[in-house]
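Engineer: Residue 4 in my numbering is what sits at position 4 of the sequence shown, and the numbering runs on without skipping anything.
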Amino acid sequence: MELGRLGVWYPTDRLDAAQLAALARSVEQLGYGTFWYPESRGYESFSLAAHLLASTTTLNVGSSIANIYARDAFTAQRGMATLNALNGGRFILGLGVSHIPMVEGLRGHRYDKPIPAMRAYLDGIQKDTTEDWPIALAALGPKMLELAGKRTRGAVPYNVTPEHTALAKSILGPDKWLAVEQKVCVETDLAKARALGRKELSRYMALPNYANNWLRIGFTEADLADGGSDRFIDAMVLSGDAAAVKERLRAHFTAGATHLCIQPVHAEGDFAARDAMFAALADT
Numbered sequence: 001m002e003l004g005r006l007g008v009w010y011p012t013d014r015l016d017a018a019q020l021a022a023l024a025r026s027v028e029q030l031g032y033g034t035f036w037y038p039e040s041r042g043y044e045s046f047s048l049a050a051h052l053l054a055s056t057t058t059l060n061v062g063s064s065i066a067n068i069y070a071r072d073a074f075t076a077q078r079g080m081a082t083l084n085a086l087n088g089g090r091f092i093l094g095l096g097v098s099h100i101p102m103v104e105g106l107r108g109h110r111y112d113k114p115i116p117a118m119r120a121y122l123d124g125i126q127k128d129t130t131e132d133w134p135i136a137l138a139a140l141g142p143k144m145l146e147l148a149g150k151r152t153r154g155a156v157p158y159n160v161t162p163e164h165t166a167l168a169k170s171i172l173g174p175d176k177w178l179a180v181e182q183k184v185c186v187e188t189d190l191a192k193a194r195a196l197g198r199k200e201l202s203r204y205m206a207l208p209n210y211a212n213n214w215l216r217i218g219f220t221e222a223d224l225a226d227g228g229s230d231r232f233i234d235a236m237v238l239s240g241d242a243a244a245v246k247e248r249l250r251a252h253f254t255a256g257a258t259h260l261c262i263q264p265v266h267a268e269g270d271f272a273a274r275d276a277m278f279a280a281l282a283d284t
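1) Quick one: measure Cβ to Cβ for Q182 and I262, integer angstroms, because I've assumed they're closer than 8 Å.
2) List, from N- to C-terminal side, the beta strand (DSSP E) runs of 3 residues or more that fit wholly inside the stretch 103-142.
3) Among the candidates R110, T152, K143 and E146, whose CA atom is the shortest distance from the CA of D123?
4) In whole angstroms, what separates the C-alpha of S26 from that of F278?
5) For K183, report the span of its beta strand (DSSP E) as first-last.
6) Only counting the same chain, and skipping five residues up and downstream in sequence, which positions put a Cβ closer than 6 Å to that of V186?
7) Could you check where the beta strand (DSSP E) with Y37 kicks off and where it finishes?
8) What's the call for L201, buried or exposed, on a 16-neighbour Cβ count within 10 Å?
9) Per DSSP, S202 forms a beta bridge with which residues?
10) Taking T82 as the reference, which of H252, N213, Y69 and A50 has the closest Cα?
11) Mark E221 as exposed unless 16 or more other C-beta atoms lie within 10 angstroms of its C-beta, in which case mark it buried.
12) Smallest Cα separation from G240: which of M205, L190 and T129?
13) Count Cβ pairs between the stretch 126-135 and the stretch 219-239 that sit closer than 8 Å; are there 3 or more?
14) Between which residues of its own chain and P114 is the CB-CB distance below 6 Å, once the five residues before and five after are set aside?
15) Could you give the uninterrupted runs of the beta strand (DSSP E) lying entirely in the stretch 194-262, keeping only those of 3 residues or more?
16) Just the C-alpha distance for A155 and D275, rounded to the nearest angstrom, thanks.
17) Using 10 angstroms around the beta-carbon of G149, count the other beta-carbons present and answer buried if the total reaches 16, otherwise exposed.
18) Note the first and the last residue of the continuous beta strand (DSSP E) segment covering G31.
19) So if DSSP puts F91 in a beta bridge, which residue, or which two residues, is it bridged to?
20) With DSSP as the reference, please indicate the residues paired to N67 in a beta bridge.
21) Pick helix, strand or coil for G4, following the three-state DSSP scheme.
22) When you compare only the Cα positions, how much space is there between K143 and R194?
23) Looking at the secondary structure, which residues open and close the alpha helix (DSSP H) in which G79 lies?
24) L59 and R90 look like a contact to me (Cβ under 8 Å); what is the Cβ gap, rounded to whole Å?
25) Since S170 is in the alpha helix (DSSP H), which residue starts that stretch and which ends it?
26) Where does the unbroken alpha helix (DSSP H) through R153 begin, and where does it stop?
27) Using only alpha-carbon positions, find the residue among A273, I92 and E146 that is nearest to M118.
28) For A17, which of I171, A166, Y43 and R231 has the nearest alpha-carbon?
29) Take T130 as the anchor and find which of V160, Q77 and D112 has the nearest alpha-carbon.
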């Protein structure tokens with residue numbers, strides 16, 4: 001399976017069935033290799049993948065992330081195998097440990113230590129088989145990245161910088177997927193771009209998993225206070241005209257990314273801006 005140089009990442013819970021199908025077909029026609037989507041409070045991950053795969057013919061579809069607390073390991077294995085068998089081998093199972101509020105508050109499970117929990121989950125998926133499953137981990141810290149390199153095809157880091165990409169590459173090694181998500185806002189009004197970025201990032205800034213990683217890769221507590229410093233927002237959401245955004249996106253490839261997942265940041269419901277960004281950045 002080849003992910004392609006570029007993919008897209010989009011918050012699918014905002015869209016209905018027709019909008020999802022249209023978006024998937026559009027990014028496929030633009031030449032993007034893989035469509036990545038989250039699993040949060042809305043669509044169930046595998047059901048959504050089936051819809052996206054049925055709506056396209058060549059586009060890979062990747063869960064980013066499928067919550068390991070949402071289904072047991074055997075169900076995840078069988079779901080992954082089924083989606084690939086019925087859709088020409090185009091599904092990637094991106095797995096993550098999620099966050100305490102989403103696991104304990106929403107689902108009512110106990111949130112276990114991330115590394116042992118993920119290791120046990122992979123043990124369940126890979127039990128009694130030598131199949132090289134198309135699995136990647138939503139890995140941020142060194143230990144999870146190391147596990148991704150040893151047990152899966154690679155990692156799908158989220159909310160990171162090229163500095164993190166270089167670190168991840170050094171841990172994963174040369175032959176693993178490093179599919180990096182990067183938020184963008186093709187907007188030359190810097191104040192507007194930053195306002196959109198702060199709104200988009202606000203829900204992530206309350207989650208310790210992300211905050212700890214941002215501190216680990218060079219941001220400070222002050223950068224994360226009061227909605228985020230300009231330095232932080234500008235790093236998390238690349239803005240400017242299309243040429244400027246492309247140049248900054250390429251820094252991830254220089255740092256070692258094998259695949260880049262572009263997530264457009266736009267005003268709620270402004271699908272024209274979303275589509276324009278996808279079109280403008282398709283040749284990055």
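C-beta: ideal position from N, C-alpha, C; glycine also.
Structural biologist: In this structure, then:
1) Counting from 1 along the sequence shown, the entry for residue 182 is found at position 182. Counting from 1 along the sequence shown, the entry for residue 262 is found at position 262. Indeed, because the Cβ distance is near 6 Å, the residues count as touching under 8 Å.
2) Residue ranges of uninterrupted beta strand (DSSP E) with 3 or more members, entirely inside the stretch 103-142 and ordered along the chain, are 135-137.
3) Numbered from 1 along the sequence shown, position 123 holds the residue referred to as residue 123. If we check each option's Cα against that of D123, T152 comes out closest.
4) Within the sequence shown, residue 26 is the residue found at index 26, counting from 1. Within the sequence shown, residue 278 is the residue found at index 278, counting from 1. Roughly 9 Å between the two C-alpha positions.
5) Position 183 of the sequence shown, counted from the start, is the residue given in the question as residue 183. Run containing K183: W177 to V186, per the beta strand (DSSP E) assignment.
6) As a working note, residue 186 is residue 186 in the sequence shown. These residues qualify, in order along the chain: A242, V245, M277 and A280.
7) Sequence index remark: in the sequence shown, residue 37 carries index 37 (1-based). Segment T34 to Y37, the beta strand (DSSP E) holding Y37.
8) For this step, residue 201 is matched to residue 201 along the sequence shown. Result: buried.
9) By 1-based counting over the sequence shown, the position of residue 202 is 202. For S202, which the question treats as bridged, DSSP gives no partner whatsoever.
10) The residue you call residue 82 lines up with position 82 of the sequence shown. That would be A50, whose Cα lies nearest to the Cα of T82.
11) Here residue 221 is taken as the residue at index 221 of the sequence shown, counted from 1. So E221 ends up on the exposed side.
12) Against the sequence shown, residue 240 aligns to sequence position 240. Of M205, L190 and T129, the residue nearest in Cα terms is L190.
13) no
14) As a first step, residue 114 is located in the sequence shown; it is residue number 114 there, counting from the start. Closer than 6 Å at Cβ, skipping near neighbours: V97.
15) 237-240
16) Residue mapping note: residue 155 aligns to position 155 of the sequence shown, counting from 1. Residue mapping note: residue 275 aligns to position 275 of the sequence shown, counting from 1. Going by the C-alpha atoms only, they are around 27 Å apart.
17) On the sequence shown, position 149 is the one that residue 149 refers to. Here G149 is buried, its C-beta having at least 16 other C-beta atoms within 10 Å.
18) Stepping through the sequence shown from its first residue, residue 31 is reached at position 31. Where G31 is concerned, there is no enclosing beta strand (DSSP E), because DSSP gives it neither an H nor an E.
19) Your numbering for residue 91 matches position 91 in the sequence shown. Bridge partners of F91: V61.
20) Numbered from 1 along the sequence shown, position 67 holds the residue referred to as residue 67. Note: N67 sits in a beta bridge opposite G96.
21) Position 4 of the sequence shown, counting from 1, holds the residue named residue 4. G4 falls in the coil class under three-state DSSP.
22) In the sequence shown, the residue the question calls residue 143 occupies position 143. In the sequence shown, the residue the question calls residue 194 occupies position 194. When rounded, the distance between both Cα atoms is 32 Å.
23) Counting from 1 along the sequence shown, the entry for residue 79 is found at position 79. Residues A73 to L86.
24) Stepping through the sequence shown from its first residue, residue 59 is reached at position 59. Stepping through the sequence shown from its first residue, residue 90 is reached at position 90. Going by Cβ atoms, the distance from L59 to R90 rounds to 7 Å, so yes, they are a contact pair.
25) Your numbering for residue 170 matches position 170 in the sequence shown. Per DSSP, S170 belongs to the alpha helix (DSSP H) from P162 to L172.
26) Reading the sequence shown from its first residue, position 153 is the one you call residue 153. Run containing R153: none; DSSP gives neither H nor E here.
27) One-based indexing of the sequence shown puts residue 118 at position 118. With distances taken between Cα atoms, M118 lies closest to E146.
28) Numbered from 1 along the sequence shown, position 17 holds the residue referred to as residue 17. In this structure, Y43 is the residue among I171, A166, Y43 and R231 with its C-alpha nearest to the C-alpha of A17.
29) Position 130 of the sequence shown, counted from the start, is the residue given in the question as residue 130. Here the closest residue by C-alpha is Q77.
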